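Numbering (the numbering used here), first residue to last: 805 to 1150.
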């Protein structure tokens, strides 16, 4: 048995319930993870509302997309009918796990996405269903070895923000010498954009409050305070030349208005927070539920792990909460000023 947060009916975090549920044994192609940290994202409570789809068959909805933890059981290899009933686990199959051998006496083990995988290994998983939990069974294809340089809370927050940032860079074609404006540069996605864009050789200007200017500098950007005359102040920073691309990570009218004023090519403006206006204005929008975006985000997960392992992609975690206090953590997250990523720890 494990503890999970679920939404038994449509709504925001106010409808979430903390319940005890069975954890299924891993089938072929699956693994079970003892969660050490669950990453937190604004999408966690948005996706449980009726606005995200009011089909009753969605209920109850498991909460959370990304986790870091320890492998506790490993299913048989996909397609291995002889082994389909067995799973390596902390107890019964420790010999098989140690030898790299069988999930049961009859067949081979499933491998995680980064290759290999044994009971006791530290791992990261994304995109999963139900990460706000003490234990979870997930597809092995969504599981990667956790770099030892990352804490569990850092690892649990790597993928959603990191893959979103990479997707924004993809659709706008940012490269060497580009001038990029990032609205909301001190937020989770913004911080990842700053680091990844700088690696591509771009010059990045990031909007933030006066209090968060140092955050923008720390991650490779040039801070500018949002507010009155933002477009003119950005022009002054670029010698009157404006910017080549703009990223909206906040969803405000200011972010869209200034982007439209400064960027000549609307195909190089992207929003993750104002899709309705983005479509009206003819700018790019990206979201994890778009098939093209989903495929791309899956494809960059190992690269993000490698960058983080090398210290080239930092995940700043502001605070952790006990798993049982997920509602309080979500209140802080939804305030818009958490000061960095948040994580839940069982």
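Glycine included, C-beta positions come from ideal geometry on N, C-alpha and C.
In this text the structure is predicted, and so the values were computed from the model without any measurement.
- One alpha carbon belongs to residue 842, the other to residue 932, and they sit about 11 Å apart.
- Annotation: residue 1123 to residue 1148 spans about 9 Å, alpha carbon to alpha carbon.
- Across the structure, residue 937 and residue 822 are spaced so that their CA atoms are roughly 9 Å apart.
- Rounded to whole angstroms, the gap between the alpha carbons of residue 882 and residue 914 is 7 Å.
- Listed in chain order, the non-local C-beta contacts of residue 809 below 6 Å within the same chain comprise 820, 822, 867, 936, 1130, local neighbours out to five positions each way being set aside.
- Taking a C-beta distance under 7 Å as the contact criterion, residue 1050 and residue 1073 qualify as a contact pair.
- Residue 966: member of the alpha helix (DSSP H) spanning 963–976, first to last residue.
- With a contact defined as Cβ atoms closer than 8 Å, residue 984 and residue 1021 miss out at about 15 Å.
- In this structure, DSSP gives residue 1023 a state outside helix and strand, which the three-state scheme calls coil.
- For residue 860, the three-state secondary structure derived from DSSP is helix.
- Relative to residue 944, the option among 963, 1003, 934, 875 whose CA is nearest is 875.
- With respect to the C-alpha of residue 1120, the residue from 1100, 966, 1034, 1014 having the closest C-alpha is 966.
- In the structure shown, residue 1146 falls within a strand segment according to DSSP collapsed to helix, strand and coil.
- Linking residue 952 to residue 1035 through their CA atoms gives a straight-line distance of about 43 Å.
- Under the three-state reduction of DSSP, residue 819 is assigned to helix.
- Taking the CA atoms as reference points, residue 1002 sits about 25 Å from residue 1140.
- Setting aside the 5 residues that flank it on each side, residue 948 is surrounded in the same chain by 916, 917, 918, 927, 928, 1105, 1106, 1109, each with a C-beta closer than 7 Å to its C-beta; the list follows chain order.
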